[in-house]
Amino acid sequence: MRRRITVSKSGIALTQANGHSLEIPWKEHPRLIGVRQADAVIVLKNHLETRYPIGYLPLSMRQLERLLSTFSTDGRLRAKLSGPEALSTVLAVLEPTEEELTDGSWTWSRRSR
1 MRRRITVSKS
11 GIALTQANGH
21 SLEIPWKEHP
31 RLIGVRQADA
41 VIVLKNHLET
51 RYPIGYLPLS
61 MRQLERLLST
71 FSTDGRLRAK
81 LSGPEALSTV
91 LAVLEPTEEE
101 LTDGSWTWSR
111 RSR
């Protein structure tokens, strides 16, 4: 089984290499609040915290934070996740910010330079 993150119009699923999957609906308004003991800590609207091992995330904490904050608040972008624009919508959210490009924390880009 491979590690993966599945983003859909209804929520995000974080799957570990062992097949265990954590599904979080967007209606729970997930927010990344930090890192504790090598786990990403995500808080839901009812103030419940869930943790996910960072080693299982094939993206940066900044990217995870952007995915959660963008799709939990923007219904227009969420709607695109069920159509032909799904991949380009997710990739646009994952693109580096100007700060990330200049602070040296960024490691990839889908644009050729």
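Mapping to the UniProt record's numbering: the sequence shown position 64 is 64, numbers consecutive. Glycine included, C-beta positions come from ideal geometry on N, C-alpha and C. Small disclaimer: the values here were computed from a predicted structure and weren't measured.
Beta carbon proximity, residue i to chain B, threshold 7 Å
i	result
residue 28	In the structure shown, chain B cannot be found, because there is only a single protein chain.
First through last residue of the beta strand (DSSP E) which encompasses residue i
i	result
residue 21	21-25
Expected contact under 8 Å - CB spacing of residue i and residue j to nearest Å
i	j	result
residue 57	residue 7	That belief does not hold up - the Cβ atoms of residue 57 and residue 7 are roughly 13 Å apart, past 8 Å.
residue 54	residue 35	6 Å
residue 32	residue 50	Not confirmed; about 11 Å, so no contact.
residue 30	residue 82	About 19 Å; that fails the 8 Å criterion.
residue 94	residue 63	5 Å
Residues that residue i bridges to, as DSSP identifies them
i	result
residue 53	39
residue 15	4 and 21
residue 34	41
First through last residue of the alpha helix (DSSP H) which encompasses residue i
i	result
residue 75	75-80
residue 102	98-103
residue 87	86-94
Residues of its chain near residue i, where Cβ-Cβ distance is below 8 Å and the 5 sequence neighbours each way are ignored
i	result
residue 38	53, 54 and 55
Residues of its chain near residue i, where Cβ-Cβ distance is below 7 Å and the 5 sequence neighbours each way are ignored
i	result
residue 43	31, 33 and 49
residue 70	77 and 93
Chain-order list of residues whose beta-carbon lies under 6 Å from that of residue i (same chain, five-residue window excluded)
i	result
residue 99	none
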